[in-house]
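Down below is the structure, laid out as structure tokens.
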Amino acid sequence: MSSDFDFGEFLDESNQSELMILCLELFAVLTKFQVDQNKLEIAKVEILNNQLTQNFEGFRSAISYLSGGDKNSQINAMKHINLMVDTLVGDSKSTEKFTEIEEVVNESINGLIESIDLHVDLFKLVQVYNFLPNKKEIAILLGRIADYELKDDEMMENVKAALLRDDAEVLLSKILANVAENSAAGFISANIIDILQQRGVNFHIAGLVTKESLENLSDEQLKNNALLLVNFSEDIFTSNPEFLDAIQSDTHVLTSTSGIDKDTFDMLLLLKNERRDDMFDKYPVKVKEYRVFK
Amino acid sequence: MSGSIEPIVPGQVIFDIGQQIDKCFILQKGSVHFFNSKEEKISGIAPNTMFGFTELVKGKTTHSTKAVCITPGTVVSFSSDVIKKKLAAYGEDNKLLLESLADQLLNKI
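Those protein sequences? They're chains R and W, same order as listed. Here our numbering is used: the first residue of the first sequence is 2, the next is one more, and so on. Here our numbering is used: the first residue of the second sequence is 39, the next is one more, and so on.
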């Protein structure tokens with residue numbers, strides 16, 4: 002059950018540090034290739050019982066659905082933990098814990114790389130790299146490769162080999178370039194990503210935009226038309242069956258991906274015509290508007 | 039009415055003058071500056087500060103400042119109904135005190 006956001010509890014930095022430490026402990030359990038179910042349950046319950054957790058429904062839900070046998074639930078929880086750890090204000094105790102867990106993660110990473118078998122293992126590794134402050138670039142590259150969902154054993158072996166090397170970033174960039182070139186559904190070029198990022202779109206969304214979605218769109222439209230990130234629950238397809246038609250008639254759908262909360266989606270939309278402030282008013286959606294390119 | 043974590047990027051307008059106050063914020067990382075209608079900077083805040091709620095204390099429903107992200111970071115946002123409920127629970131004396139504090143802040147604009 003979600004309760005009202007308790008800003009008083011949240012503003013107390015020692016509470017934030019306490020939750021961060023619990024998140025770090027759970028992350029260390031999840032980093033192992035074979036997750037220890039008992040340790041997982043203990044770490045999970047600690048987080049679910051924490052007062053601040055009640056303030057974040059999406060986070061609470063991701064942790065409560067976490068299971069040792071379900072890698073997708075682990076990836077989703079790791080995504081939430083990474084966001085939480087990046088957001089919470091820590092203190093000396095949480096900094097000390099971070100250093101300790103960073104070491105654990107670094108020790109586990111080679112084992113995780115060598116055990117990559119399924120595509121889902123790559124996505125888990127993306128979250129592991131995302132956790133490490135100096136490995137975010139690898140996380141981005143690996144995430145983009147993983148998003149192609151290629152079932153090519155040779156590519157998978159190349160990725161493994163690249164990750165075990167000191168020049169992993171360079172090698173992953175080459176693999177990504179090859180994958181993009183060979184793929185019919187290629188992602189957009191770096192200069193288009195720059196336009197979207199300068200408008201405020203996060204790389205993890207901008208990087209998912211495909212060439213096909215930009216057909217017949219000029220750079221000027223990309224720079225100046227209203228650009229929105231719309232988050233909605235899958236329930237909308239039942240409650241408002243006309244929703245998708247409305248989107249397709251008035252906007253260009255640049256990309257869509259799963260949202261951070263369970264059963265939600267994020268859609269990056271470029272409005273076709275002049276601004277229509279009321280376009281989404283009648284729908285149960287959250288809308289974020291990006292600034293115009295300067 | 040749970041909270042959401044939202045990344046903010048330089049130049050991003052978190053809320054604008056005249057916009058309905060539907061969310062309040064806590065700045066976790068980065069910095070945010072506030073501007074009046076003449077685009078003059080009137081204040082700035084550092085992390086672990088709540089913002090976007092002052093007008094509610096005066097019973098207003100729209101923002102009288104523009105909040106712009108200056109350095110990248112994150113905010114935690116939550117429904118303004120949380121603040122409205124808290125305010126409704128205050129006694130008259132406390133309300134007057136809060137209103138006078140809000141007045142002092144808003145008069146700076």
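Glycine is no exception: its CB is placed at the ideal position from the N, C-alpha and C atoms.
(request) Can you say whether Asn83 of chain R is buried or exposed, counting buried as having 16 or more other CB atoms within 10 angstroms of its CB? (result) buried
(message) Out of R:Ile237, R:Tyr284, R:Lys295, R:Leu20, which one is the CA nearest neighbour of Lys98 of chain R?
(response) R:Leu20
(request) Would you kindly check if the distance between the Cβ of Ser95 of chain R and the Cβ of Ala48 of chain R is under 9 Å? (result) For clarity, residue 48 of chain R is Ile in the given sequence; the question names Ala instead. In this structure, Ser95 of chain R does not lie closer than 9 Å to Ile48 of chain R by Cβ.
(request) Consider the Cβ of Asn16 of chain R: report whether some Cβ of chain W lies at a distance smaller than 9 Å. (result) Answer no: the Cβ-Cβ gap between Asn16 of chain R and chain W never drops below 9 Å.
(message) Any contact between the segment 278-289 of chain R and the segment 65-80 of chain W? By contact I mean 3 or more CB pairs, one from each, below 8 Å.
(response) no
(message) In chain order, what are the residue ranges of uninterrupted alpha helix (DSSP H) at least 4 long that sit wholly in the segment 57-144 of chain W?
(response) 92-95, 118-126
(message) Can you tell me whether Ile46 of chain W is helix, strand or coil according to DSSP?
(response) strand
(request) Could you please give me the residues that DSSP links to Asn232 of chain R through a beta bridge? (result) R:Asp267, R:Lys287
(request) Pick out whichever of R:Phe244, R:Pro242, R:Asp92, R:Asp7 has its Cα sitting closest to the Cα of Leu119 of chain W. (result) Note that residue 119 of chain W corresponds to Asp in the displayed sequence, not to Leu. It is R:Asp7.
(request) Please name the residue in R:Gln75, R:Ser15, R:Phe60 whose C-alpha comes closest to that of Ala29 of chain R. (result) Considering only alpha carbons, the answer is R:Gln75.
(message) Between which two residues does the beta strand (DSSP E) holding Ile52 of chain W run?
(response) 51-53
(message) Considering only DSSP beta bridges, list what Ser257 of chain R is partnered with.
(response) DSSP, once it has assigned bridges, lists R:Met268 as partnering Ser257 of chain R.
(message) Counting only beta-carbon separations shorter than 9 Å, does Glu44 of chain W have a partner in chain R?
(response) yes
(request) To the nearest angstrom, report how far apart Ile43 of chain W and Gly111 of chain W are at their CA atoms. (result) 10 Å
(request) Taking all protein chains shown into account, decide if Leu245 of chain R is buried (16 or more other Cβ within 10 angstroms of its Cβ) or exposed. (result) The residue in question, Leu245 of chain R, is exposed, as its Cβ has fewer than 16 Cβ neighbours within 10 Å.
(request) Anything in chain W within Cβ reach of Leu1 of chain R, meaning under 9 Å, just list it in chain order. (result) What the structure shows of chain R is the stretch from 2 to 295, and residue 1 of chain R is not part of that stretch, so it cannot be assessed.
(request) Ignore the nearest five residues each way along the sequence and tell me which others in Met88 of chain W's own chain have a CB closer than 6 Å to its CB. (result) Hits under 6 Å: Ile64.
(message) The alpha helix (DSSP H) that contains Arg145 of chain R, what's its start and end?
(response) Per DSSP, the continuous alpha helix (DSSP H) segment holding Arg145 of chain R begins and ends at 137-148.
(request) Grab me the residues of Lys122 of chain W's own chain with a C-beta within less than 7 Å of its C-beta, minus the 5 sequence neighbours each way, in chain order. (result) Leu94
(message) Can you give me the C-alpha to C-alpha distance between Lys287 of chain R and Val231 of chain R, rounded to a whole angstrom?
(response) 6 Å
(request) Quickly, what does DSSP pair Thr252 of chain R with across the bridge? List them, please. (result) R:Leu272
(request) Decide if Met2 of chain R is buried, meaning its Cβ has at least 16 other Cβ atoms within 10 Å, or exposed. (result) Because the pLDDT at Met2 of chain R is just 46, under 50, the model does not fix this residue reliably, and the value given afterwards should be weighed accordingly. Under this definition Met2 of chain R is an exposed residue.
(message) Give me the subset of the segment 98-112 of chain W whose CB atoms are less than 7 Å from a CB atom of chain R, sorted by chain position.
(response) Thr112
(request) Output yes if chain W places a C-beta closer than 9 Å to the C-beta of Tyr291 of chain R; else output no. (result) Tyr291 of chain R counts as touching chain W.
(request) Report the rounded CA-to-CA distance for Lys295 of chain R versus Pro45 of chain W, giving the unit in angstroms. (result) 20 Å
(request) Throw me the rounded Cβ distance for the Leu143 of chain R and Leu123 of chain R pair, which I believe falls under 8 Å. (result) 7 Å
(request) Take Asn68 of chain R and list the residues in its own chain whose beta-carbon comes closer than 6 Å to its own, dropping the five residues that flank it on each side. (result) The displayed chain sequence assigns Ser, not Asn, to residue 68 of chain R. Taken in chain order, the residues that qualify are Ser74.
(request) Could you list which residues in chain W have their beta carbon closer than 8 Å to that of Gly201 of chain R, in chain order? (result) Val47, Gly49, Gln50
(message) Would Val296 of chain R and Leu255 of chain R qualify as a contact pair, given that the criterion is a beta-carbon distance under 9 Å?
(response) Because chain R is modelled from 2 through 295, residue 296 of chain R falls outside the range shown and cannot be assessed.
(request) State yes or no: is the beta carbon of Val288 of chain R nearer than 9 Å to at least one beta carbon in chain W? (result) no
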